[in-house]
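J.: The numbers in the sequence shown follow the UniProt record's numbering, run straight up by one, and end at 204.
Heads up, the beta-carbon is just placed ideally off N, CA and C, and yes, glycines get one too.
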Amino acid sequence: METWFATLLYKHLLVWIDDLLLYAKDIDIYLVKLGEFFSTLNQFGLKLSAKKSSLYETEVRCCERLIDGDGVRHDPSRINSLRLMPYPTIAGELLPLQRFLCAINWMRESIVDYARHVAPLQRKLDTALVSTRRTRRAAAEIDITLDEEKRVVFDHVKEMLASSATLDFPDDQATTCLFTDASNVGWALIVTQVDNFDPKNPAT
1 METWFATLLY KHLLVWIDDL LLYAKDIDIY LVKLGEFFST LNQFGLKLSA KKSSLYETEV
61 RCCERLIDGD GVRHDPSRIN SLRLMPYPTI AGELLPLQRF LCAINWMRES IVDYARHVAP
121 LQRKLDTALV STRRTRRAAA EIDITLDEEK RVVFDHVKEM LASSATLDFP DDQATTCLFT
181 DASNVGWALI VTQVDNFDPK NPAT
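(1) Can you grab the Cα-Cα spacing for the pair residue 15 / residue 9, in whole Å?
(2) Apply the 10 Å Cβ neighbour rule to residue 88 and answer buried if 16 or more other Cβ atoms are within range, or exposed otherwise.
(3) When burial is assigned at 16 or more other CB atoms within 10 Å of the CB, is residue 144 buried or exposed?
(4) By how many angstroms is the C-alpha of residue 57 removed from the C-alpha of residue 101?
(5) On a Cα-Cα basis, can you pick out the residue from 184, 194, 160 that is closest to residue 175?
(6) Residue 155: which of 95, 34, 121, 182 sits nearest, CA to CA?
(7) Taking DSSP as the reference, what is the three-state secondary structure of residue 121?
(8) Do residue 189 and residue 214 have their beta-carbon atoms positioned less than 8 Å apart in this structure?
(9) Output the distance between the C-alpha atoms of residue 22 and residue 38, rounded to the nearest integer angstrom.
(10) What span of residues does the alpha helix (DSSP H) with residue 149 cover, start to end?
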């Protein structure tokens with residue numbers, strides 16, 4: 001797939017397994033790229049599902065995210081489902097706490113200081129898993145009931161989901177800044193962009 005659409009890939013096309021997302025800044029460019037896209041389909045004998053395809057959308061849902069002209073944000077319905085999750089109690093076949101952490105990890109790039117906020121919950125899960133055998137029967141007996149302190153953290157993380165940031169698109173004309181951190185629990189690095197960057201102006 002990436003070989004066939006190499007001329008469009010990451011410039012006007014994203015590929016996720018067998019899903020394709022064609023995009024452009026305006027309708028004129030979109031029509032040109034749409035023509036190239038259909039030509040490639042015809043060249044390699046590829047077919048699309050008419051029921052799963054749509055054209056000229058100003059907002060699309062892709063990989064549990066909503067994408068429009070303003071940026072990329074997480075689907076509110078998915079966020080609401082996570083916010084309704086109860087406190088974890090007993091493990092079972094799939095640890096409720098593990099399931100929760102895996103789900104919000106998918107959203108970590110939109111949550112400010114994510115790693116530090118979830119660290120108490122992650123330590124709780126890691127401790128529970130290390131202290132037992134990795135079998136279904138053993139996992140079902142793990143007590144991962146959260147104390148009051150961990151419940152406060154759990155609630156706070158869920159509230160942070162509601163205010164998760166919308167990620168903007170990279171701008172070739174903006175100044176790209178890279179910040180690194182040697183912290184073992186926080187961000188390793190942050191990439192951001194600044195419009196009209198002037199090194200003479202203080203940041204604060």
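T.: Checking against the coordinates, here is how it stands:
(1) If you draw a straight line from the Cα of residue 15 to the Cα of residue 9, it is about 8 Å long.
(2) Answer is buried; the Cβ neighbour count reaches 16.
(3) By the neighbour-count definition (other C-beta atoms within 10 Å, threshold 16), residue 144 is a buried residue.
(4) Distance between the alpha carbons of residue 101 and residue 57: 32 Å.
(5) Shortest Cα-Cα distance from residue 175 to any of 184, 194, 160 involves 194.
(6) Nearest option by C-alpha distance: 121.
(7) Helix, per DSSP.
(8) It is not possible to answer for residue 214, since the shown part of the chain is limited to 1 through 204.
(9) Rounded to the nearest whole angstrom, the CA to CA distance from residue 22 to residue 38 is 11 Å.
(10) Unbroken alpha helix (DSSP H) run through residue 149: 148-162.
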